[in-house]
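Before any comments, here is the structure.
There are 2 protein chains.
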Amino acid sequence: MSTTEQTTAELRAARERFISQWGVISAAWGINRTMAQIHALLLTSPAPVATDEIMEALQISRGNVNTNLRELVGWGLIRIVLRKGERKEFFEAEKDVWRIFCTIARERQRREIDPALAVLRECAERTAKLKGTEAEEFHATMSKLGDFVGQASGAMDRVARSERSKIMPLIFKMLR
Amino acid sequence: MSTTEQTTAELRAARERFISQWGVISAAWGINRTMAQIHALLLTSPAPVATDEIMEALQISRGNVNTNLRELVGWGLIRIVLRKGERKEFFEAEKDVWRIFCTIARERQRREIDPALAVLRECAERTAKLKGTEAEEFHATMSKLGDFVGQASGAMDRVARSERSKIMPLIFKMLR
DNA sequence: CTGAACTTTCAGTATATATTGAAAGTACAA
DNA sequence: TTGTACTTTCAATATATACTGAAAGTTCAG
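Here it is, written out as structure tokens:
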């Protein structure tokens, strides 16, 4: 086997390992396994990829690929690329790690943290004026939880909106 | 209806809303819905609770309660309480929000981030010496991803190991 | 020991989630 | 306007995940 062939084989093996494992890991974080695999595929693809190629590579149906591509576009993690003279749509992933992180942080904030926060605040609010130890304790728990989630989410938001070059050095300096 | 009855009713309603919604929210983060509901129940209970009461409150089976209680103990989010003269086990949740946060951060780190990091490093490692644009790009992607996850996870780890009173003011000062 | 009080296990089942694939929809060149 | 090259949809189906409940296991007082 030539050196080039070995390189190709090893590269493909590493890439497949990444794609497969990224699916497993993402599932633990409440992200659709296939969506994560498609993302991993695009993330490690040297060029934009079309639906058929993804179907082939991951051995999944057209409908499945389509659904998850739209979802990834919705998250802002990939974009559609059109080639001149071709009707087909190709897709490419944002490859800057910092941008990926900010996108995910902001989307999860909007989709999941904000609604959670609303529930906590509502539960604190509606028990604010109740009398009695139990009611007061419940109110205190909800308030503390709400404040904490609010502060943590605000902090994350500011990190995700700032420039990497400005915020990251600060963080690492602080966490000396 | 007396004021006391109104208070009781309103408190119960708020508590049920919290328990139910906490389950929904947690599911979005890859946490078992029932586990989250049991946690919410204990978090808002004025006293330690035994299996039967949880079965009753959430209308779920003994086996289900048992499994999820063990899982919560495994996470370090609740502890077993024994009452003198009683054979039954009672459970109570850690109620300090900062401690809860640190526990969850450390456990997810150990269970999910560290393995993910290992995969990224392995993929970077095995493609380190390959020649060619595609291989080099893949290696660069894996390295960047690995470095980023490693740094972020290290930062989170240091936050979760520090004292709240020391680290939180610093963070908010920095994110001014 | 014995049995009552309690916990754990796990095969079977239910529920939720993801996937398929064919049909319908869309866009456009000729 | 028709045919072709594509994308989207969605009912049916498969798969993964969670839950049940009865039986087996454990613990311990008497």
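Just so you know, the sequences run in chain order A and B. Taking my numbering, the leading residue of the first sequence gets 9, the next gets one more, and so forth. Taking my numbering, the leading residue of the second sequence gets 9, the next gets one more, and so forth. Built from N, CA and C at the ideal position, the CB exists for glycine as well. Note that the structure is predicted; figures quoted are calculated from it, not measured.
Using the Cβ count rule (16 or more neighbours within 10 Å means buried), how would you classify residue i?
i: ALA148/B; result: exposed
i: THR52/B; result: buried
i: SER34/A; result: buried
i: ALA82/A; result: Sequence inspection shows Gly at residue 82/A; the Ala mentioned does not correspond to that position. The residue in question, GLY82/A, is exposed, as its Cβ has fewer than 16 Cβ neighbours within 10 Å.
i: PHE62/A; result: The question names Phe, but residue 62/A in the sequence shown is Ile. It counts as buried.
i: LEU90/A; result: exposed
i: THR135/B; result: buried
i: LEU178/B; result: exposed
i: GLY31/B; result: buried
i: GLN67/B; result: exposed
i: ALA22/B; result: buried
Residues of chain A with a CB under 7 Å from the CB of residue i: which are they?
i: LYS96/B; result: Those do not exist, as LYS96/B stays about 22 Å from chain A at its closest Cβ, beyond 7 Å.
i: VAL105/B; result: LYS152, LEU153, PHE156
i: ARG166/B; result: LEU183
Do residue i and residue j have their C-beta atoms closer together than 8 Å?
i: ALA132/A; j: GLY158/A; result: no
i: LEU128/A; j: MET150/A; result: yes
i: ILE46/B; j: LEU19/B; result: no
i: LEU85/B; j: THR111/B; result: yes
i: LEU50/A; j: ALA65/A; result: no
i: SER161/A; j: LEU183/A; result: no
i: PHE146/B; j: VAL105/A; result: no
i: ALA113/A; j: ALA168/A; result: yes
i: ARG116/B; j: GLU100/B; result: no
i: THR12/A; j: LEU138/B; result: no
i: PRO54/B; j: GLU120/A; result: no
i: ALA58/A; j: LYS92/A; result: no
Between residue i and residue j, how many whole angstroms is the CB-CB distance? I'm expecting something under 8 Å.
i: ALA36/B; j: GLY38/A; result: 5 Å
i: PHE98/A; j: PRO56/A; result: 4 Å
Using a cut-off of 8 Å between C-beta atoms, extract the partners of residue i located in chain B.
i: ILE62/A; result: The contacting residues do not exist; ILE62/A stays about 18 Å from chain B at best.
i: ALA163/A; result: ILE179, PHE180, LEU183
Name the chain B residues whose beta carbon is nearer than 7 Å to that of residue i?
i: GLU145/A; result: PRO54
i: ILE88/A; result: Correct list: empty, because the minimum Cβ distance to chain B is about 21 Å.
Can you pull out the residues from the region 37-53 of chain A whose beta carbon lies closer than 9 Å to at least one beta carbon of chain B? TRP37, GLY38, ILE39, LEU51, THR52
Cβ-based contacts, 8 Å cut-off: residues of the region 109-143 of chain B near chain A: PHE109, ARG119, GLU120, PRO123, ALA124, VAL127, LEU128, GLU130, CYS131, ARG134, THR135, LEU138, LYS139, GLY140, THR141, GLU142, ALA143
Using a Cβ cut-off of 7 Å, which residues of the region 15-29 of chain A contact any Cβ in chain B, in chain order? THR15, GLU18, LEU19, ALA22, ARG23, ARG25, PHE26, GLN29
Going along the chain, which residues of the region 56-83 of chain B sit with their C-beta nearer than 7 Å to a C-beta in chain A? none
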